[in-house]
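Notes follow the structure.
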Amino acid sequence: MNTSTSNLKDKVVKRAVNSLRKSKRIEQLSFVAIANELNVRVDEIQAFYTTTEDIFLEAQKKDWESLHRYWDRHIKKSKTPGDFKNAFEIFFERFVETLSDDADLRLELSCYLPKCIKYREKNRERVKQKLKNLIKRGWPGKDEKVLARQTELVTVLFYGFVDHVVHIPKTERTKILRDFRNMLNLHLQDRKFF
Amino acid sequence: MKVDVQKKVKIIHKAMDSIRKSDKTLHTIAFPRLAQELDIPFDEITEFFLSIEDIFLNEQRRVNRKIENFLETGLKNAKTANDAKELLEKAFLTFIELLPDYSDLVFSASFYLPKCIEERNRAKKYYKQVFRKIIKKGWPGKIDAVLDRQTDLVLLSAYGFYEYCATVGKRERKVILKDFNNMINLHLQDRLFF
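Chain order of the listed sequences is C and Z.
Numbering-wise (this note's numbering), the first sequence opens with residue 43 and increments by one.
Numbering-wise (this note's numbering), the second sequence opens with residue 17 and increments by one.
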């Protein structure tokens with residue numbers, strides 16, 4: 043994708059989010075209105091998106107793919123349990139760092155629009171698998187059952203964390219991230235898990 | 017159950033079925049079409065609900081109201097720290113038992129439909145203050161700053177737990193409940209909290 047295409051897509055997302063913030067109704071979003079506001083032709087926007095729902099789906103995918111790429115680089119480099127623990131923590135750190143200003147709205151749409159929900163579910167499974175791998179190698183010695191139960195809990199907590207951080211100011215996000223990571227650590231240190 | 021309550025419940029169930037089958041965003045489901053699908057006169061629906069949003073709001077409030085009553089009564093009757101601890105555990109059990117089969121749809125609606133967002137925000141504030149009271153009573157001796165931070169973590173965990181339980185069957189909800197309660201306990205036992 044060249045820079046001008048990427049810029050236009052970013053602008054479309056921004057306009058769509060702004061418009062949604064004002065109207066609160068996705069059905070009031072239109073390609074014509076966005077094209078007028080951006081001073082481009084409607085077909086230039088339609089070249090990328092079929093429906094307004096696609097705008098948010100693409101934005102959701104872009105954010106997550108970028109986070110996965112970053113995370114994978116760290117996982118790939120990991121050799122020791124310490125490295126894997128670090129890769130585990132880096133995921134949460136990077137997630138918080140890269141949250142956009144409109145992360146609250148994006149989360150709301152990802153929980154509401156059917157295509158975005160489907161992507162969210164698929165991605166949740168992908169995140170869960172990676173977390174499982176990192177827990178297994180970062181906190182070795184757990185049996186399969188314990189690993190599966192602890193991974194499920196960490197995933198459940200992460201999605202609660204997502205819902206929480208997007209609705210609080212940026213300065214508070216890093217504070218709760220520290221506590222959240224400590225809570226997960228305490229949980230994962232319990233080798234036999236009750 | 018009174019006859020009109022039965023009718024109301026029937027409308028809710030059929031509406032949820034219809035929405036699930038249609039695989040469309042909730043706001044696109046029109047009331048007249050719903051009446052047609054239910055094969056009942058339009059005014060029988062409007063006797064109870066004015067819009068699709070009202071159906072979801074009703075469901076959201078129904079669960080919240082029951083949990084809030086449970087927590088208020090429990091808190092009033094909790095005399096010892098153990099009573100408070102037990103209250104928190106039982107609240108999560110009551111919650112999963114109250115969740116209907118279509119709670120995933122209600123969960124989605126709470127992220128988009130304005131009245132449902134409002135109810136979600138109200139409930140979140142309520143749970144935050146009630147969890148704080150329970151934690152203070154059940155795990156005494158924490159300083160205020162620790163109490164606030166731990167309350168936030170329990171709150172975000174509870175919302176992650178809600179998201180998970182809303183999308184899985186009743187059996188899976190019960191399976192994770194035990195681990196979830198143990199983890200919350202482990203976290204709250206840490207009196208000085210790092």
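Glycine is no exception: its CB is placed at the ideal position from the N, C-alpha and C atoms.
All values reported here derive from a predicted model rather than from experimental measurement.
Cross-chain neighbours of residue i in chain C, by beta carbon under 8 Å
i	result
D168 of chain Z	H206, I218, D221
Residue environment, residue i, which counts as buried when at least 16 other CB atoms sit within 10 Å
i	result
R136 of chain Z	buried
S152 of chain C	buried
T92 of chain C	exposed
A46 of chain Z	exposed
L66 of chain Z	exposed
S46 of chain C	exposed
H209 of chain C	exposed
K37 of chain Z	exposed
A100 of chain Z	buried
G157 of chain Z	exposed
I159 of chain Z	exposed
G183 of chain C	exposed
T122 of chain C	exposed
T62 of chain Z	exposed
F58 of chain Z	exposed
G176 of chain Z	buried
T167 of chain Z	buried
A89 of chain C	exposed
Neighbour list for residue i in chain Z, Cβ cutoff strictly below 8 Å
i	result
L228 of chain C	L202, H203, D206
D232 of chain C	L202
Interface residues of chain C facing residue i [CB-CB closer than 7 Å]
i	result
F127 of chain Z	E150, C153, Y154
E105 of chain Z	What E105 of chain Z touches in chain C: nothing, since even the nearest Cβ is about 14 Å away.
Neighbouring residues, chain C, relative to residue i (Cβ below 9 Å)
i	result
E102 of chain Z	Here the premise fails: no neighbours, minimum Cβ distance about 18 Å.
Contact test: residue i Cβ vs the ligand MG heavy atom, cutoff 6 Å
i	result
H110 of chain C	Judged by which ligands are present, the structure shown has none, so any question about the ligand MG falls away.
Residues of the region 179–207 of chain C whose Cβ lies closer than 9 Å to any Cβ of chain Z, in chain order: The residues in question are R191, Q192, E194, L195, T197, V198, L199, F200, Y201, G202, F203, V204, D205, H206, V207.
Selection of the region 143–158 of chain C by Cβ proximity to chain Z, strictly under 8 Å: Under the 8 Å Cβ criterion, the region 143–158 of chain C contributes L149, E150, L151, C153, Y154, L155, P156.
Contact residues within the region 152–176 of chain Z, judged by C-beta distance below 9 Å to chain C: Listed by position along the chain: R165, Q166, D168, L169, L171, L172, S173, A174, Y175, G176.
Unbroken stretches of the alpha helix (DSSP H), 4 residues or longer, contained in the region 124–209 of chain C: Counting only runs of 4 or more residues that sit fully inside the region 124–209 of chain C, the alpha helix (DSSP H) segments are 145–152, 156–180, 186–207, in chain order.
Chain C contacts made by the region 187–199 of chain Z, where a contact means CB separation under 7 Å: So the close ones are I192, D195, F196, N198, M199.
Validate contact between the region 216–223 of chain C and the region 189–207 of chain Z using beta carbons, cut 8 Å, 3 pairs: Judged by Cβ distances under 8 Å, the region 216–223 of chain C makes no contact with the region 189–207 of chain Z, as fewer than three pairs qualify.
Contiguous alpha helix (DSSP H) assignments of at least 4 residues, all confined to the region 94–120 of chain Z: Counting only runs of 4 or more residues that sit fully inside the region 94–120 of chain Z, the alpha helix (DSSP H) segments are 97–114, in chain order.
Interface positions of the region 107–125 of chain Z facing chain C (Cβ-Cβ less than 8 Å), listed along the chain: Within the region 107–125 of chain Z, the residues whose Cβ lies closer than 8 Å to some Cβ of chain C are F123, S124, A125, listed in chain order.
Stretch-stretch touch, CB-based, cutoff 8 Å, three pairs: the region 198–216 of chain C with the region 183–191 of chain Z: Between the region 198–216 of chain C and the region 183–191 of chain Z there are fewer than three C-beta pairs closer than 8 Å, too few to call the two in contact.
Complete alpha helix (DSSP H) runs within the region 44–98 of chain C (minimum length 4 residues, chain order): Taking only runs of at least 4 residues, the alpha helix (DSSP H) segments lying wholly in the region 44–98 of chain C are 45–65, 73–80, 84–88.
Short-range partners of chain C found in the region 133–152 of chain Z, where Cβ spacing is below 7 Å: Listed in sequence order: no entries.
At least 3 beta-carbon pairs within less than 8 Å: the region 144–161 of chain Z vs the region 159–175 of chain C: Result no; under three Cβ-Cβ pairs closer than 8 Å.
Residues from the region 83–95 of chain Z in contact with chain C, defined by Cβ distance under 7 Å: Those would be none; no residue qualifies.
The region 17–37 of chain Z contacting the region 71–81 of chain Z, beta-carbon criterion three pairs below 8 Å: Per the Cβ contact rule, the region 17–37 of chain Z is in contact with the region 71–81 of chain Z (3 or more Cβ pairs under 8 Å).
Interface positions of the region 54–81 of chain Z facing chain C (Cβ-Cβ less than 8 Å), listed along the chain: Listed in sequence order: no entries.
contact_flag[the region 97–108 of chain C, the region 122–134 of chain C] where n(CB pairs < 8 Å) is 3 or more: Per the Cβ contact rule, the region 97–108 of chain C is not in contact with the region 122–134 of chain C (fewer than 3 Cβ pairs under 8 Å).
Three or more C-beta pairs below 8 Å linking the region 183–203 of chain C and the region 166–173 of chain C: Yes, the region 183–203 of chain C is in contact with the region 166–173 of chain C.
Cβ contact (3+ pairs, closer than 8 Å) linking the region 134–148 of chain C and the region 105–114 of chain Z: They do not touch, by the three-pair rule.
Uninterrupted alpha helix (DSSP H) stretches inside the region 139–202 of chain Z (no shorter than 4 residues): Runs found: 160–183.
Validate contact between the region 198–206 of chain C and the region 176–185 of chain Z using beta carbons, cut 8 Å, 3 pairs: Yes: the two stretches touch, three or more of their Cβ pairs being nearer than 8 Å.
Secondary structure, beta strand (DSSP E): runs of 3+ residues fully inside the region 18–100 of chain Z: DSSP runs (the beta strand (DSSP E)) wholly in the region 18–100 of chain Z: none.
The region 75–87 of chain C / the region 49–67 of chain C touching (three or more Cβ pairs under 8 Å): Segments in contact, yes.
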